[in-house]
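Take a look at the structure below.
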Ligand code: NAD
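Residue numbers (this note's numbering): 17 to 269.
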């Protein structure tokens, strides 16, 4: 039977790259995204079984998405809790409290709602795999990005605790920690960080790239390679890990 794959934030970027990989293997794929235009575009262009518009930080909307998956798939083999937002940039004493909260709600609570639901299903199945998208911001500190960093470190804590809870049920839990990924999102992040720090976007881009051993940004495909590996039988003894795909970060901003 073809594998059943669920991806939050699957309408663009890393989530869509992962969706395409699994579709190419013949898997059945369900995605959700809060942006209706991205949901429509994905369902028009790819053979995605379920394309759903939902905000990961809204547990009721996510319940509807999850119920749809059970109706259609009857279970889930791989859950990617991938959706995330960059959140605000600014000094810790000036950052807007509501924006701080929203960033943590989407990145951490959102990941928790899907992972918690998938855990129940996978425990009953006695197999499955949960993969979070954290970030190198979940491995280091980043000045002026406190809510994003706190949420992404939170995901690593969730990964390690869930791996210990679920190992007895044959369920693996890992996090991928991408470095700076080429694409629109990183352009938005650089513009925001430049305003908060006073460092030009070009200089920040250089720091991100030159601060890695490979002197490069990573691609969505690099992240999808890791995702496909972690979801495969080749990774059957890998759990509780935060796997960086970053060209090895030597220095942070
Ligand atoms: P992206 O903006 O291309 O994709 C994120 C997707 O999530 C978008 O389609 C967006 O509409 C969706 N989304 C945002 N908020 C949502 C919500 N509340 N509910 C449902 N969907 C929502 O960016 P990406 O780079 O593909 O990001 C994917 C993940 O990778 C995120 O968790 C991000 O934090 C993480 N990440 C990205 C980078 C990078 O440099 N791009 C680096 C490290 C980690």
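We treat Cβ as the ideally placed atom computed from N, Cα and C, and that holds for glycine.
Minimum Cβ-Cβ distance from residue i to chain C less than 7 Å
{"i": "residue 233", "result": "Of the protein chains in the structure, only one exists, and it is not chain C."}
Same chain, Cβ closer than 7 Å to residue i, neighbours up to 5 away in sequence not counted
{"i": "residue 32", "result": "26, 58"}
{"i": "residue 217", "result": "206, 207, 210"}
{"i": "residue 3", "result": "Summary: the structure shown does not reach residue 3, with the chain confined to residues 17 through 269, and so no result is reported for it."}
{"i": "residue 51", "result": "27"}
{"i": "residue 82", "result": "133"}
Same chain, Cβ closer than 6 Å to residue i, five either side skipped, listed in chain order
{"i": "residue 185", "result": "139, 142"}
{"i": "residue 224", "result": "196"}
{"i": "residue 179", "result": "189, 255, 256"}
{"i": "residue 176", "result": "256"}
Reduced DSSP secondary structure (H/G/I, E/B, other) of residue i
{"i": "residue 43", "result": "coil"}
{"i": "residue 100", "result": "coil"}
{"i": "residue 235", "result": "coil"}
{"i": "residue 123", "result": "helix"}
{"i": "residue 67", "result": "strand"}
{"i": "residue 202", "result": "helix"}
{"i": "residue 81", "result": "helix"}
{"i": "residue 92", "result": "coil"}
{"i": "residue 184", "result": "helix"}
{"i": "residue 57", "result": "helix"}
{"i": "residue 19", "result": "coil"}
{"i": "residue 118", "result": "helix"}
{"i": "residue 75", "result": "helix"}
{"i": "residue 219", "result": "helix"}
{"i": "residue 111", "result": "coil"}
DSSP beta-bridge partners of residue i
{"i": "residue 265", "result": "228"}
{"i": "residue 166", "result": "Partner(s): none; residue 166 has no beta bridge."}
{"i": "residue 190", "result": "147"}
{"i": "residue 259", "result": "192"}
{"i": "residue 197", "result": "234"}
{"i": "residue 175", "result": "Per DSSP, none; premise fails for residue 175."}
{"i": "residue 277", "result": "With the chain running from 17 to 269 in the structure shown, residue 277 is simply not present."}
{"i": "residue 24", "result": "48"}
Same chain, Cβ closer than 8 Å to residue i, five either side skipped, listed in chain order
{"i": "residue 227", "result": "265, 266, 267, 268, 269"}
{"i": "residue 137", "result": "86, 91, 92, 144"}
{"i": "residue 135", "result": "146, 178, 181, 182, 187"}
Distance cut-off 6 Å: residue i Cβ against heavy atoms of ligand 3
{"i": "residue 49", "result": "As far as ligands go, the structure on display features ligand 1 and does not contain ligand 3."}
Is the segment 122-141 touching the segment 152-159, taking contact as three or more C-beta pairs under 8 Å?
Short answer: they don't touch.
With a threshold of 8 Å, are at least 3 pairs of Cβ atoms found where one atom belongs to the segment 200-217 and the other to the segment 244-253?
Per the Cβ contact rule, the segment 200-217 is not in contact with the segment 244-253 (fewer than 3 Cβ pairs under 8 Å).
Contact between the segment 94-112 and the segment 159-179 is defined here as three or more beta-carbon pairs at a separation below 8 Å; is this criterion met?
Under the Cβ criterion (8 Å, minimum of three pairs), the segment 94-112 counts as touching the segment 159-179.
For the segment 62-77 and the segment 33-51, state whether three or more C-beta atom pairs, one from each stretch, are separated by less than 8 Å.
Counting C-beta pairs closer than 8 Å gives three or more between the segment 62-77 and the segment 33-51, which meets the contact rule.
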